[in-house]
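Below is one structure; the comments refer to it alone.
Residue numbers (the working numbering): 76 to 634.
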């Protein structure tokens with residue numbers, strides 16, 4: 076394998092890799108702005124220029140410096156070369172470029188949303204001059220409303236053109252362009268053509284400074300107060316890798332987490348801004364039970380007793396059978412516990428998968444670029460995973476329409492039904508309400524709906540951001556995600572409800588050794604692998620990468 080030396084470190088590389096890519100893979104920072112791994116290379120910012128010494132075949136292969144500095148993002152690494160981003164010539168270039176970029180840049184750091192994660196801020200400190208020599212008046216550029224959720228602060232823009240290339244190459248919607256020349260050059264939209272495409276929010280992420288701003292996050296929170304939790308798309312079957320940024324139990328934004336095998340570097344606008352239901356005031360907060368034809372709030376002990384007694388009586392009724400409807404919004408671990416619970420009353424219980432929302436058709440972006448991004452029409456994260464788990468429990472897993480017909484058919488003598496929802500919007504139907512009529516029914520859901528007022532017990536459940544588990548995306552890829560925030564009010568995850576109810580059904584009134592009552596997704600995955608024959612939940616599951624350690628440059632001084 077060819078090797079080169081970067082700042083004195085020997086680095087192996089694949090033929091065709093650029094110097095910047097080789098440095099990146101070997102933990103060496105070469106400052107850059109215009110380069111992005113998901114976009115074309117333009118080498119326009121000139122910050123990544125490096126000094127290269129290469130063997131000269133005309134001088135017996137001796138190393139000689141190439142006269143001019145070369146852009147690391149565009150120059151292929153060559154075997155036997157020595158590369159320096161820390162030589163006097165490279166450092167002088169970095170200082171000069173940073174000085175030019177800062178000439179017209181406003182001192183907005185105290186009020187800029189990008190502060191704390193700004194490459195201009197960081198590079199200015201690491202590679203820039205300690206003082207400014209510019210005494211003339213700065214050129215002021217206008218602020219622009221360029222889309223429904225996006226603002227452009229033009230005077231902060233450094234003209235890296237990442238956003239322009241994204242709309243040309245990835246979304247292929249071409250809303251952005253470079254207007255004018257020289258010191259008056261700026262990013263703009265075409266007249267009457269705002270940024271409006273299913274991936275528009277990604278131009279906020281690719282912007283290395285505070286020029287592209289999210290209207291929904293503007294002035295909401297300082298980034299150094301936010302905790303980043305790795306998670307997975309909980310709204311569609313795409314399985315996009317994301318980070319949930321939150322503070323004190325509240326989600327403030329969702330950003331993409333790079334994964335070249337799934338979502339590359341992007342996420343859809345639907346996922347980026349579609350999570351606001353998590354903090355909706357309309358959510359269910361307390362368990363409810365039927366009392367004289369109306370729903371009243373109750374406590375969990377009484378609700379659990381009603382559920383246990385109701386399913387026990389329903390299973391013991393003459394010819395009585397139970398049914399379970401598992402939502403495709405739930406995790407694989409929760410599907411297992413739900414099936415296990417209902418089978419403790421009726422080993423032959425009927426099992427089905429809840430409605431699968433589909434909107435339009437799948438859309439593929441960047442077909443000819445560095446890898447396709449798929450925007451799934453299937454608006455649920457785990458249909459495949461739920462089906463996989465339920466098939467380990469039952470010979471026949473019904474789709475939603477077949478489940479409704481089976482439950483409604485009096486010949487099947489269905490006397491008790493456990494229903495789960497957790498959809499971000501209304502999902503129930505008149506057919507479902509009719510099928511559940513005169514049957515003991517328990518509903519686990521996030522919002523009130525058409526059936527919540529008529530069922531026997533309602534349990535308020537947590538959204539995907541408030542629990543951990545595993546989703547299987549459209550590729551059949553099993554991906555683990557972590558809990559970001561605590562469930563609101565008195566809601567719990569479906570997994571925790573099932574742990575509580577299973578222990579009650581087994582006659583346990585308190586936690587006993589060997590029978591934990593705290594839901595643990597990792598433990599359930601082990602059970603799926605060892606007891607249910609689903610070894611892939613251990614051998615093929617994809618765990619989120621641990622966060623990179625942050626090393627402090629502070630020194631402890633004894634006083």
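Using N, Cα and C, we set each Cβ at its ideal position, and we do this for glycine too.
All figures in this text were calculated on a predicted structure; none of them were measured in a lab.
Asked	Found
Inside the segment 547 to 597 only - alpha helix (DSSP H) runs reaching at least 4 residues	569 to 580
For residue 580, the nearest candidate out of 262, 497, 453 and 381 (CA to CA)	381
Other residues of its chain near residue 589: CB distance less than 8 Å, five sequence neighbours each side excluded	Confidence at residue 589 is low in this model, with a pLDDT of 49, below 50, so its placement is unreliable and the value that follows should be read with caution. There are no such residues.
Residues that residue 263 bridges to, as DSSP identifies them	252
Contact under 9 Å by Cβ, residue 451 with residue 498	no
Identified DSSP bridge partners for residue 425	398
Unbroken stretches of the beta strand (DSSP E), 3 residues or longer, contained in the segment 450 to 527	489 to 495 and 515 to 520
Beta-carbon contacts of residue 461 that lie in its chain and below 6 Å, excluding the five residues immediately before and after	401, 403, 410 and 428
Residue 99, DSSP secondary structure in three states	helix
As assigned by DSSP and simplified to three states, the class of residue 158	strand
Alpha carbon of residue 234 to alpha carbon of residue 94, nearest angstrom	23 Å
Closest residue to residue 351 among 337, 561 and 328 (Cα-Cα distance)	328
At least three beta-carbon pairs within less than 8 Å, the segment 306 to 325 to the segment 512 to 528	no
Touch test, the segment 534 to 548 against the segment 356 to 363, Cβ-Cβ under 8 Å, three pairs minimum	yes
Test item: CB-CB of residue 338 and residue 448 under 9 Å	yes
Beta-carbon proximity list for residue 98, same chain, < 6 Å, skipping 5 on both sides	81 and 105
Straight-line gap, residue 318 to residue 509 (C-alpha atoms, nearest Å)	41 Å
Exposure label - residue 542; buried when at least 16 CB within 10 Å	buried
Rounded distance between the beta-carbons of residue 346 and residue 569, thought under 8 Å	Not confirmed; about 21 Å, so no contact.
Beta-carbon proximity of residue 135 to residue 128, cut-off 9 Å	no
Start and end residues, beta strand (DSSP E) containing residue 129	124 to 131
Sequence ranges, beta strand (DSSP E) only - wholly within the segment 273 to 343, length at least 3	287 to 289, 302 to 307, 316 to 322 and 325 to 331
Cβ-Cβ distance between residue 506 and residue 479 below 9 Å	yes
Alpha helix (DSSP H) segments (min. 4 residues) lying fully within the segment 348 to 379	none
Residues near residue 553 in its chain [Cβ-Cβ closer than 8 Å; skip 5 each side]	407, 460, 545, 546, 547, 611, 612, 615, 616 and 617
Whether residue 593 touches residue 558 by CB criterion (9 Å)	no
Nearest residue (CA-CA) to residue 158, options 294, 125 and 131	125
Residue 301 classed as buried or exposed, judged by whether at least 16 other C-beta atoms fall within 10 angstroms	buried
Cβ distance (whole Å) where residue 278 is taken to contact residue 241 below 8 Å	5 Å
Close-in-space but distant-in-sequence residues of the same chain around residue 493 (CB under 6 Å, 5 per side omitted)	399, 417 and 517
Validate contact between the segment 143 to 162 and the segment 178 to 190 using beta carbons, cut 8 Å, 3 pairs	no
Alpha helix (DSSP H) segment containing residue 62, residue limits	Nothing about residue 62 can be reported from this structure: the residues present for the chain run from 76 to 634 only.
Counterpart residues of residue 196 in DSSP-defined beta bridges	According to DSSP, residue 196 bridges with nothing at all.
Test item: CB-CB of residue 389 and residue 490 under 9 Å	yes
Three-state class that DSSP yields for residue 386 in the structure shown	helix
Beta carbon of residue 441 nearer than 9 Å to that of residue 577	no
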